[in-house]
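Line order of the protein sequences matches chains A and B.
FYI, in my numbering the residues of the first sequence are 17 to 180.
FYI, in my numbering the residues of the second sequence are 17 to 180.
Protein chains: 2
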Amino acid sequence: MSFRERLRADDVEAIRTLVAQTKVFSRAEVEIAVEVATAGLQSGEASGYHFLVAEDAGRLVGFTAFGPIPATAASWDLYWITVDPAGQRHGLGGRLLAASEARAAALGCRRIYVDTSGRVDYAPARAFYERHGYRREATLADFYAPGDAKLIYLREIGASAANR
Amino acid sequence: MSFRERLRADDVEAIRTLVAQTKVFSRAEVEIAVEVATAGLQSGEASGYHFLVAEDAGRLVGFTAFGPIPATAASWDLYWITVDPAGQRHGLGGRLLAASEARAAALGCRRIYVDTSGRVDYAPARAFYERHGYRREATLADFYAPGDAKLIYLREIGASAANR
């Protein structure tokens, strides 16, 4: 297993497949993931997106996309974190998250925000964030659709996070 | 005074001047407004941005930028609303806001979100939204910077808003 920061051309389709596989994401959300990866591939960090790709024997098995929120001092957004279902029980998500946080912290991030859904099928996602030091900072009822709230989670990271 | 939906090439610099004039926005925020206008000019509605420009004797005196939030059923974001300081005491902002809401509602919007700051110099902006039917839905402390919270306001609009 290795982590890589720079996207390659063949990552875009691998990311599409991975995100589609996880079931919870809508078709529109899969397209957003593909757009984010495409923008990162074409424009690098000028896209505003940073990536971390997890590879196992040359195969993409997880990725994160994160970046600074424009016009904020030190707030970053974790746009995506997805791991192969087979890797979800082996702590890959937690390692990918910690590595992404450390990378963001090294670049000046002090607050990481992540949006998720209040829907029942997102319970594992919410438990994942809560287990890794995120707390729910806000709830926007009916944001995604009637009965489907947006939850905003936050983790404050100190300078020490860069040294883990 | 007239309102126009389609951006023209010379609007971009007029928007830069207008936004810079209002003082509350940082240089980074002025650049974001220019980027939004440039994207709208180049790609039209495919940019995800809708605009309403207020003109007085051929001069741009206000504008809004708004659009559907990807992967939501009927939630829109009001990205920008700015009017010439001289117009602020004559209800231009309220008329521009109402016209933008009606346009969004006609396109399927049922919830309009707007982000603003908790800073003292944003008190007039907060009072403006509250006066026009927005309520504070969430507060993200220290989001923009230490002591500078992001406030998320929401107005729910019914089908009737399209008929105003």
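Ideal Cβ positions, reconstructed from N, Cα and C, are used throughout, including at glycine.
Everything numeric in this text was worked out from a predicted model, so none of it was measured.
List the DSSP bridge partners of residue i.
i        : result
A:Glu172 : A:Arg127
A:His66  : A:Phe82
B:Lys166 : B:Ser133 and B:Leu156
A:Leu76  : A:Glu71
A:Phe41  : Beta-bridge pairing links A:Phe41 to no other residue.
B:Ser59  : B:Ser59 is not bridged to any residue.
B:Ala87  : Note: B:Ala87 sits in no beta bridge, so no partner.
A:Ala161 : A:Asp164
B:Arg24  : BP columns for B:Arg24 are empty, so no partner.
Under 8 Å by Cβ, that's how I've got residue i and residue j pegged, so tell me the actual separation to the nearest angstrom.
i        : j        : result
A:Thr132 : A:Ala141 : 5 Å
B:Ser18  : B:Glu71  : 5 Å
A:Arg20  : A:Val69  : 5 Å
Which chain B residues sit within Cβ distance under 9 Å of residue i?
i       : result
A:Glu45 : Pro86 and Ala87
A:Ile97 : Under the 9 Å cutoff, chain B gives no residues; its nearest Cβ is about 16 Å from A:Ile97.
Is the beta carbon of residue i sitting closer than 8 Å to the one on residue j?
i        : j        : result
A:Phe67  : A:Ala55  : no
B:Gly107 : B:Phe144 : no
B:Gly134 : B:Ala165 : yes
B:Arg152 : B:Tyr129 : no
A:Ala161 : B:Ala120 : no
B:Arg127 : B:Trp96  : no
B:Ala53  : B:Asp26  : no
B:Leu112 : B:Gly78  : yes
B:Pro98  : B:Val35  : Note that residue 98 of chain B is Thr in the sequence shown, not Pro. Yes, the pair counts as a contact, with Cβ atoms nearer than the cut-off.
A:Gln37  : A:Pro101 : yes
A:Leu76  : A:Ile31  : yes
B:Leu94  : A:Ala154 : no
A:Asp137 : A:Val40  : yes
Just to make sure I have the definition right: I need the residues of chain A whose C-beta is within less than 8 Å of the C-beta of residue i. Which are they?
i        : result
B:Ala161 : Thr88, Ala89 and Ala90
B:Ile168 : Ala154 and Leu156
Which residues of chain A have a Cβ atom closer than 7 Å to the Cβ of residue i, listed in chain order?
i        : result
B:Ile48  : Pro86 and Ala87
B:Ile128 : Those within 7 Å of B:Ile128 in chain A number zero; the least Cβ separation is about 12 Å.
Name the chain B residues whose beta carbon is nearer than 7 Å to that of residue i?
i        : result
A:Glu153 : Leu156
A:Ser42  : Ala87
Just checking: is the beta-carbon of residue i within a distance shorter than 8 Å of some beta-carbon in chain E?
i       : result
A:Thr38 : The structure shown contains no chain E; its protein chains are A and B.
Segments assigned beta strand (DSSP E), at least 3 residues, entirely inside the region 89-152 of chain A
91-99 and 127-133
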